[in-house]
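Asker:
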Amino acid sequence: MSETTSPRPASPFDGQAFDVENALLMYAVSYATMPAEGIYEAEALEPLLPQIKDCHIYLVGLTPVVRTEAVVVEGGDMVTSHSVNGAIHDLRWPIPPGIELKGDADQGWWGEDAGGRRCFPDDTTIALRIRQAAGVDFKVLYIGQAFGEDGSRNALDRLRKHETLQKIALKGVPEGYRLTLLMLAIQPGNSTITVFNPRAADRTQGQERIRNGLDKLFGTDEAERTTLYEAALIRYFQPHFNTVFKNSFPSTNLKVLADCYDKDFAAVIAEISIDELPWTLFSDAAPHRLNHIAKFDLHDDKARRMFFT
Numbered sequence: 087m088s089e090t091t092s093p094r095p096a097s098p099f100d101g102q103a104f105d106v107e108n109a110l111l112m113y114a115v116s117y118a119t120m121p122a123e124g125i126y127e128a129e130a131l132e133p134l135l136p137q138i139k140d141c142h143i144y145l146v147g148l149t150p151v152v153r154t155e156a157v158v159v160e161g162g163d164m165v166t167s168h169s170v171n172g173a174i175h176d177l178r179w180p181i182p183p184g185i186e187l188k189g190d191a192d193q194g195w196w197g198e199d200a201g202g203r204r205c206f207p208d209d210t211t212i213a214l215r216i217r218q219a220a221g222v223d224f225k226v227l228y229i230g231q232a233f234g235e236d237g238s239r240n241a242l243d244r245l246r247k248h249e250t251l252q253k254i255a256l257k258g259v260p261e262g263y264r265l266t267l268l269m270l271a272i273q274p275g276n277s278t279i280t281v282f283n284p285r286a287a288d289r290t291q292g293q294e295r296i297r298n299g300l301d302k303l304f305g306t307d308e309a310e311r312t313t314l315y316e317a318a319l320i321r322y323f324q325p326h327f328n329t330v331f332k333n334s335f336p337s338t339n340l341k342v343l344a345d346c347y348d349k350d351f352a353a354v355i356a357e358i359s360i361d362e363l364p365w366t367l368f369s370d371a372a373p374h375r376l377n378h379i380a381k382f383d384l385h386d387d388k389a390r391r392m393f394f395t
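Residue numbers (our numbering): 87 to 395.
Spelled out as structure tokens, the structure:
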């Protein structure tokens, strides 16, 4: 009696070129945000400067204005009412001991302790609470970067003399919205994703390709990562006011991308996954999401597409 075996099911990994492929992973680790006009307000900026100094990526976009309409005390809590795009959202906040609620609709509200120190939830915290309950969006209009010599420039340095930001402002902001800046710091070291494929056509170069992942990919410096992260986000969001990278990345002769091919990356991945963001990001090309992953194969050859088949 003869024994038969079922044919092995087809897999997207069948016939791929190499048994080891590497991708460069980049992601945002922290952020700073402010209204666009805030870049000229030195006193308000002061507390944010330690965060901003490491932010080399910036997004310019539209966010809805969040207006505080009323504040009352109920059962020892402060209840604040906010209007966003015509809808009212009520938020409840515990009042710390020793804090007295003061103010009114004309002069605004605040909490004050016995020493006269004032406190009140800031706009970002309020937007985050509303976003968690009902959603507040950031429409991406422009993405850029600032790095300088050895990271000497940050996003704020660039934005203070930014022609496109001025152009967006001059074109006017829709009623009920404000021009907002989101500045991102990407992870300080290199992260790679390696795929091992026992079904590849060539399984003789695995050890060498692993070494490439360790040696060459980890030789990618911060300036290169910043440019790649910017390019991937622009290609993903396709913001209205960007021109470079919108339709060309990754098929471009950009030097930093040529270095990627020399290091034999198979793909680049740029992520924005920060749960504390006060809005969900979107554009005309990208859906409303809190977490975005811009992922691109660097090779047209299907036999090198190991990550996004």
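We put the beta carbon where it would ideally sit given N, CA and C, even for glycine. Keep in mind it's a predicted model, so treat the numbers as computed, not measured.
So H168 and V152 are supposed to be a Cβ contact under 8 Å. How far apart are they, rounded?
Answerer: 5 Å
Asker: Beta-carbon separation of G162 and I174 under 8 Å?
Answerer: no
Asker: Would you tell me roughly how many angstroms separate the C-alpha atoms of E316 and Y126, rounded to the nearest one?
Answerer: 24 Å
Asker: Tell me which residue opens and which closes the beta strand (DSSP E) that F351 is part of.
Answerer: It is not in any beta strand (DSSP E) - F351 carries neither H nor E in the DSSP assignment.
Asker: Excluding the five sequence neighbours on either side, which residues of its own chain have a C-beta within less than 8 Å of the C-beta of I396, listed in chain order?
Answerer: Residue 396 lies beyond the stretch modelled for the chain, which goes from 87 to 395, so this question has no answer here.
Asker: Taking the Cβ atom as the reference point for each residue, do W195 and L187 lie within a distance shorter than 8 Å?
Answerer: yes
Asker: In the DSSP assignment, find the unbroken beta strand (DSSP E) run with Q231 in it and report its ends.
Answerer: D223 to Q231
Asker: Provide the residue span of the beta strand (DSSP E) that contains Y144, from first to last.
Answerer: I143 to P150
Asker: Looking at the strands, I want to know which residues DSSP matches up with Y263.
Answerer: P150
Asker: From S359, A353 and L367, pick the residue whose C-alpha is nearest to that of E107; which is it?
Answerer: A353
Asker: Give the range of the beta strand (DSSP E) segment to which F382 is assigned.
Answerer: H378 to D383
Asker: Would you call the segment 194-213 and the segment 129-146 in contact, with 3 or more CB pairs under 8 Å?
Answerer: no
Asker: In this structure, does DSSP put P121 in helix, strand or coil?
Answerer: Three-state DSSP puts P121 in a strand.
Asker: Round the Cβ separation of V226 and L314 to the nearest angstrom and send it over; I've been treating them as touching at under 8 Å.
Answerer: Actually they do not touch by this definition, with Cβ atoms about 18 Å apart.
Asker: Three-state secondary structure (DSSP) at P133?
Answerer: Reduced to three states, the DSSP call for P133 is helix.
Asker: If I measure Cβ to Cβ from M87 and keep anything under 8 Å in the same chain, skipping five residues before and after, which residues do I get?
Answerer: Low confidence applies here, because M87 scores a pLDDT of 49, under 50, leaving its location unreliable; read the following figure in that light. For M87, where only same-chain residues beyond five positions count, there are no Cβ hits under 8 Å.
Asker: Express the C-alpha separation of T266 and E123 in angstroms, rounding to a whole number.
Answerer: 8 Å
Asker: If the criterion is Cβ atoms closer than 8 Å, does the pair A232 and I138 meet it?
Answerer: No.
Asker: Pick helix, strand or coil for G237, following the three-state DSSP scheme.
Answerer: helix
Asker: Assuming L110 contacts F351 (C-beta within less than 8 Å), just tell me the rounded distance between them.
Answerer: 5 Å
Asker: So what's A271 in DSSP terms, helix, strand or just coil?
Answerer: strand
Asker: Using the Cβ count rule (16 or more neighbours within 10 Å means buried), how would you classify D383?
Answerer: buried
Asker: Determine, using beta carbons only, whether H378 and L367 come nearer to each other than 8 Å.
Answerer: yes
Asker: For M392, count the other beta carbons within 10 Å of its own beta carbon; 16 or more makes it buried, fewer makes it exposed. Which is it?
Answerer: Residue placement at M392 is flagged as unreliable, the pLDDT there being 49, under the threshold of 50; a coordinate-derived value is accordingly withheld.
Asker: D199 by DSSP, collapsed to three states: which one?
Answerer: In the structure shown, D199 falls within a coil segment according to DSSP collapsed to helix, strand and coil.
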